[in-house]
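Residue numbers (my numbering), protein chains in the order written: chain A, 1 to 330; chain B, 1001 to 1074. The beta-carbon is built from N, C-alpha and C at its ideal position, and this holds for glycine as well. No experiment lies behind these values; they were computed from the predicted model shown.
Structure follows, in structure tokens:
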């Protein structure tokens, strides 16, 4: 594979397809090292084929999340091939994270744990974690300096540990009743934004030694990740799913803090885990709109999106070609 | 996050007169609150892109129309 420099951003479909295909090849090359057990291979591969993961059939949608490490690397150096191993590693880690999340949440009938049991799911996720490490080792074959390889491996591990810390906060018994907005945002940063922050950090690390630029792109990923998490929260209330699950997300935190009387009582009954009470999703949704909670969440989402945009501007001023990365800002 | 931003949203959604004033002239309402520049930008940008989020279908439709980014869960 020869190096490719930036081509027209308008020719979006072509470059996305090319990069997505190369990422697919990288992932398949790592999977090829699996023992020759067809059912094991199938199970390990399955989470990678889900929407927005590296082997998904529709991996060339408008926001090619899986390609983020490549795009960041390319924005700085003009080349992206050296970032393919870490892009693959991030996909293995996200797939493992999906499997673990499904196990912990136990709310998805299509999940591996629901279909094959928790033991099979844990085993599959463990294999995916190990495959991520094998993907990272392939950096050496791309000619990356050993010190950078070690730093990239260490960074990816650190982000994964952060994700576990965020998940710990989320799973803690009192997280649904006493969560403040600051705690929520810290949790979103650790638990949800880690993948995008990690993708940007390692993508930059493989393109430059400029520590300021590495930090700028990492912040871009983190702010974007938090914005996406808030978008998920808004969607979760709109669809009613998070109301049914009594999930305390940003709109709910705002509403609990800013309401009193009947409205506050209704929210407490809906979200404070009284098992015998089934909340009326439409009523709760209406309340969250009426009190401005949904609007507030939308403003905070916008705030983080703009922060991400500000970081891109700083990166552009430092010489990066950020045109393709603007796709992620909408 | 800023308590002032929360207070602004509470005022807009809790007081019909302020809501109408915000819809007609957002800056005149923002001047009554000590927001940071990024917060002001976020409030005005949200208003310009999406209006006030008053119902599920309205918000979802506005987000989809304004923003191909509205595809959560990376």
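(message) Could you check whether the Cβ of residue 1005/B sits closer than 8 Å to any Cβ belonging to chain A?
(response) As a first step, residue 1005/B must be located in the second chain, where it is residue number 5. Yes, because at least one Cβ of chain A sits closer than 8 Å to the Cβ of residue 1005/B.
(message) Less than 8 Å between CB atoms is the rule here; does residue 1041/B satisfy it with respect to chain A?
(response) In the second chain, counting from the first residue as 1, residue 1041/B sits at position 41. Closer than 8 Å: yes.
(request) Quick one: list the residues of chain A neighbouring residue 952/B, beta-carbon separation under 8 Å, in chain order. (result) No information on residue 952/B is available, as it lies outside the stretch 1001 to 1074 that chain B covers here.
(request) Pick out whichever of 215/A, 288/A, 144/A has its Cα sitting closest to the Cα of residue 201/A. (result) Here residue 201/A is taken as the residue at index 201 of the first chain, counted from 1. Closest option to residue 201/A, Cα to Cα, is 215/A.
(message) Which residues in chain A have a C-beta closer than 9 Å to the C-beta of residue 1022/B? List them in chain order.
(response) Locating residue 1022/B in the second chain gives position 22, counting from the first residue. Ordered by position in chain A, no residue passes the 9 Å Cβ test against residue 1022/B, which lies about 11 Å from the chain.
(request) Find the nearest neighbour of residue 223/A within the set 242/A, 238/A, 212/A, 198/A, judged by alpha-carbon distance. (result) By 1-based counting over the first chain, the position of residue 223/A is 223. Closest option to residue 223/A, Cα to Cα, is 198/A.
(message) Do residue 136/A and residue 86/A have their beta-carbon atoms positioned less than 8 Å apart in this structure?
(response) If you number the first chain from 1, residue 86/A lands on position 86. If you number the first chain from 1, residue 136/A lands on position 136. In contact: residue 86/A and residue 136/A (Cβ atoms closer than 8 Å).
(request) Report the option in 213/A, 297/A, 249/A whose CA atom is closest to the CA atom of residue 317/A. (result) In the first chain, counting from the first residue as 1, residue 317/A sits at position 317. For residue 317/A, the nearest C-alpha among the options comes from 213/A.
(request) Taking C-beta pairs closer than 7 Å, name the residues in chain A that residue 1053/B reaches, listed in chain order. (result) Within the second chain, residue 1053/B is the residue found at index 53, counting from 1. The contacting residues are 289, 294, 295, 298.
(request) Work out the CA separation of residue 99/A and residue 52/A for me, nearest whole Å. (result) In the first chain, residue 52/A corresponds to position 52, counting from 1. In the first chain, residue 99/A corresponds to position 99, counting from 1. Computed Cα separation, rounded: 15 Å.
(request) Run down chain A in chain order and give the residues with a C-beta less than 8 Å from the C-beta of residue 1033/B. (result) Walking along the second chain from the start, residue 1033/B turns up at place 33. Those within 8 Å of residue 1033/B in chain A number zero; the least Cβ separation is about 13 Å.
(message) Let me make sure I understand the geometry here. Which of 1035/B, 1063/B, 1064/B, 1048/B has the alpha-carbon closest to that of residue 1025/B?
(response) Working through the second chain from its first residue, we reach residue 1025/B at position 25. Residue 1048/B is the option with its Cα nearest to residue 1025/B.
(request) State the start and end residues of the unbroken alpha helix (DSSP H) segment that holds residue 314/A. (result) One-based indexing of the first chain puts residue 314/A at position 314. Here the alpha helix (DSSP H) through residue 314/A covers 293–317.
(message) If we require 4 or more residues per run, which alpha helix (DSSP H) segments fall completely within the segment 183–254 of chain A?
(response) 194–205, 211–239, 241–244
(request) Please determine, among 287/A, 162/A, 163/A, the residue with the shortest C-alpha to C-alpha distance to residue 260/A. (result) In the first chain, residue 260/A corresponds to position 260, counting from 1. Cα-wise, what sits closest to residue 260/A is 287/A.
(request) Check whether the Cβ atoms of residue 295/A and residue 1013/B sit closer than 8 Å, and answer yes or no. (result) Residue 295/A sits at position 295 when you count from the first residue of the first chain. Residue 1013/B sits at position 13 when you count from the first residue of the second chain. Yes.
(request) Give me the Cα-Cα distance between residue 71/A and residue 101/A, rounded to the nearest whole angstrom. (result) Mapped onto the first chain, residue 71/A falls at position 71. Mapped onto the first chain, residue 101/A falls at position 101. Approximately 27 Å, taken between the alpha carbons.
(request) Would you tell me roughly how many angstroms separate the C-alpha atoms of residue 27/A and residue 92/A, rounded to the nearest one? (result) Residue mapping note: residue 27/A aligns to position 27 of the first chain, counting from 1. Residue mapping note: residue 92/A aligns to position 92 of the first chain, counting from 1. Roughly 8 Å separates the two Cα atoms.
(message) Contact defined as beta carbons within less than 8 Å: I believe residue 152/A pairs with residue 139/A. What is the distance between those atoms, to the nearest angstrom?
(response) For the purposes of this step, residue 152/A is identified with residue 152 of the first chain, where counting begins at 1. For the purposes of this step, residue 139/A is identified with residue 139 of the first chain, where counting begins at 1. With a Cβ gap of about 6 Å, residue 152/A and residue 139/A count as contacting.
(request) To the nearest angstrom, report how far apart residue 78/A and residue 158/A are at their CA atoms. (result) Working through the first chain from its first residue, we reach residue 78/A at position 78. Working through the first chain from its first residue, we reach residue 158/A at position 158. Approximately 27 Å, taken between the alpha carbons.
(message) Let me make sure I understand the geometry here. Which of 292/A, 113/A, 320/A, 80/A has the alpha-carbon closest to that of residue 142/A?
(response) Locating residue 142/A in the first chain gives position 142, counting from the first residue. For the residues 292/A, 113/A, 320/A, 80/A, the minimum Cα distance to residue 142/A belongs to 80/A.
(request) Report, in whole angstroms, the separation of the C-beta atoms of residue 69/A and residue 112/A, which I expect to be a contact under 8 Å. (result) For the purposes of this step, residue 69/A is taken as the residue at position 69 of the first chain. For the purposes of this step, residue 112/A is taken as the residue at position 112 of the first chain. Between residue 112/A and residue 69/A the Cβ distance is about 26 Å, and since that is not below 8 Å, they are no contact.
(request) Tell me, please, whether the CB atom of residue 1056/B is closer than 8 Å to any CB atom in chain A? (result) By one-based count along the second chain, residue 1056/B stands at place 56. Output row for residue 1056/B: interface = yes.
(request) Reducing DSSP to helix, strand and coil, say where residue 164/A ends up. (result) Your numbering for residue 164/A matches position 164 in the first chain. It is helical.
(request) Select from 31/A, 267/A, 114/A the residue whose C-alpha is nearest the C-alpha of residue 247/A. (result) As a first step, residue 247/A must be located in the first chain, where it is residue number 247. Considering only alpha carbons, the answer is 267/A.
(message) Please confirm whether residue 1010/B has its beta-carbon closer than 8 Å to some beta-carbon of chain A.
(response) Within the second chain, residue 1010/B is the residue found at index 10, counting from 1. At least one chain A Cβ lies under 8 Å of residue 1010/B.
(message) Can you tell me whether residue 10/A is helix, strand or coil according to DSSP?
(response) Along the first chain, read from residue 1 onward, the residue named residue 10/A stands at position 10. Unreliable placement is indicated for residue 10/A, whose pLDDT of 46 sits below 50; the coordinate value is still reported in the next sentence. Residue state, collapsed to three classes: coil.
(request) Pick out whichever of 1041/B, 1053/B, 1054/B, 1016/B has its Cα sitting closest to the Cα of residue 310/A. (result) On the first chain, residue 310/A is found 310 positions in, with the first residue counted as 1. It is 1041/B.
(request) Using three-state DSSP, classify residue 72/A as helix, strand or coil. (result) Counted from its first residue, the first chain places residue 72/A at position 72. Helix, per DSSP.
(message) Which same chain residues end up closer than 7 Å to residue 90/A when comparing Cβ atoms and leaving out the 5 residues on each side of it in sequence?
(response) Indexing the first chain from 1 puts residue 90/A at position 90. Counting only Cβ-Cβ distances below 7 Å, and skipping sequence neighbours, we find 69, 195, 198, 199.
(request) Take residue 253/A and list the residues in its own chain whose beta-carbon comes closer than 8 Å to its own, dropping the five residues that flank it on each side. (result) As a working note, residue 253/A is residue 253 in the first chain. 179, 180, 181, 184, listed in sequence order.
(message) Measuring straight from C-alpha to C-alpha, what distance separates residue 1015/B and residue 66/A?
(response) The residue given as residue 1015/B occupies position 15 in the second chain. The residue given as residue 66/A occupies position 66 in the first chain. Whole-angstrom Cα-Cα distance: 44 Å.
(message) List, in chain order, every chain C residue whose beta-carbon is nearer than 7 Å to that of residue 1046/B.
(response) Within the model displayed, chain C is absent; protein chains A and B are what it includes.
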